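Asks:
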Amino acid sequence: MADLLTHVMVGYTIGTILSWKYEWIKSPHVTMMMAGAALPDIVRIGLLIDSAAVQTHLGIPFSWTPLHTGGGVMVTVLIFAALFEKKTTWHLFLVILIGAASHLFLDALLLTASGTSYAIFWPLTRYRLSTPGLYLSTDVLPAMISTAAAFLIWRVDEGGLSK
Amino acid sequence: MMAYLNIWMFEAKTSRKILIVVLSIVLAVFFVWYGSMEPAPDKGDYPGQEDLIKDYEKYIDEKAEVGGKVIETDPLVIETEYGDRTMDLTIVDAQESPSKNDRVTVYGTVRENHTIEAENMVVRPRWRWFYMYGISGIAAVWVGLRMIEQWRWNGKRFALEVREEPLKLKDLLKKSSSGDTHG
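Top to bottom, those sequences are chains A and Z. Reading the first sequence from the start, the letters are residues 327 to 489 in this note's numbering. Reading the second sequence from the start, the letters are residues 1332 to 1514 in this note's numbering.
1. What is the DSSP secondary structure of residue 1498 of chain Z, reduced to helix, strand or coil?
2. Assuming contact is defined by CB atoms lying nearer than 7 Å, are residue 356 of chain A and residue 339 of chain A in contact in what I supplied?
3. Output the distance between the C-alpha atoms of residue 420 of chain A and residue 403 of chain A, rounded to the nearest integer angstrom.
4. I'd like to check one pair, residue 1437 of chain Z with residue 1447 of chain Z: are the Cβ atoms closer than 7 Å?
5. Kindly indicate if chain Z contains any beta-carbon less than 7 Å away from that of residue 398 of chain A.
6. Output, in chain order, the set of chain A residues within a Cβ distance shorter than 7 Å of residue 1467 of chain Z.
7. Buried or exposed: residue 365 of chain A, going by 16 or more other Cβ atoms within 10 Å of its Cβ?
8. For residue 468 of chain A, count the other beta carbons within 10 Å of its own beta carbon; 16 or more makes it buried, fewer makes it exposed. Which is it?
9. Pick helix, strand or coil for residue 1402 of chain Z, following the three-state DSSP scheme.
10. Just to make sure I have the definition right: I need the residues of chain Z whose C-beta is within less than 8 Å of the C-beta of residue 452 of chain A. Which are they?
11. Give the single residue among Z:1362, Z:1361, Z:1380 whose Cα lies nearest to the Cα of residue 1370 of chain Z.
12. In chain Z, what lies closer than 7 Å to residue 463 of chain A by C-beta?
13. Flag this pair as yes or no: are the beta carbons of residue 388 of chain A and residue 380 of chain A separated by less than 7 Å?
14. Does any C-beta atom of chain Z lie closer than 7 Å to the C-beta of residue 345 of chain A?
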């Protein structure tokens, strides 16, 4: 997983650019796209509650990893979208889904030792695509580039150059 | 699809609550399902430290991908962990020379005596780890603040709603520092 700042910056950038074309996308929607872009990283709950500990405790196999797969993310996005009322659900579902999809896409490019990525399409298939290995989650460059892009888009948006 | 979602899924708050419960059960099934999967090297899913710690002998002469902390550099030894169990693995044929406390991920062949014959490895210096958690923390706070400023939870309606007037955090801080605890 790339660092969270990169994901959130990309969520902001995509959201703001889309707001130029789709008028219903306002600042609160951009925020929700950023939240969607952060969503797959709730898999980090494993840092607090270890999978292995749950497994020992419950005596059944257990892993948090599905939270960072296509199927698991779809379910968490739906749960998130169910927290909004009917009239706004569809828009927010879309916005959160786009954010989460950008996360999964960026993480499919991460460098790994084996050269294969993660189970992005699970549970449809557990096949792991090979990754181009563009960056590591601990690299500084992704955060710098995405922050610069977000800053630029923010300036354009503020200046109303697109309108 | 859109009408489908609207009609029976999000009609009222009760149906949304039921949906959340059902989806949470689906997630729980996913957690157990994924946890019960064996490695599948033909699908690019190699045995990891979890598998080696559970049953090392089973994977001898097979490919594995393990991550851990460098505890010795000559020879290169990493400490891997799964839950509260750890296993020290000696890495031979290493392509890189990491320092102590660096985090490494190694792809290679499992050999006897807790040894991995490395084919490829990724090294992350320790400070990078702090950097990653640092900026990720900043990102979490940023999104959290934007959420609080622009959205509010309406318990009665069981829904997140956009605030008509965005909450200004500065005002909120001013209020609390002036001793107004009722506002």
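The beta carbon of each residue, even a glycine, is placed where N, CA and C say it ideally should be. Owing to the predicted nature of the structure, the values given are computational and were not obtained by experimental measurement.
Replies: A quick look at the data gives this:
1. Three-state result, residue 1498 of chain Z: coil.
2. no
3. 9 Å
4. yes
5. yes
6. 329, 330, 331
7. buried
8. buried
9. strand
10. Per Cβ cutoff of 8 Å: 1368, 1371, 1374, 1376.
11. Between residue 1370 of chain Z and the set Z:1362, Z:1361, Z:1380, the nearest pair of CA atoms involves Z:1380.
12. Residues of chain Z with a Cβ closer than 7 Å to the Cβ of residue 463 of chain A are, in chain order, 1463.
13. yes
14. no
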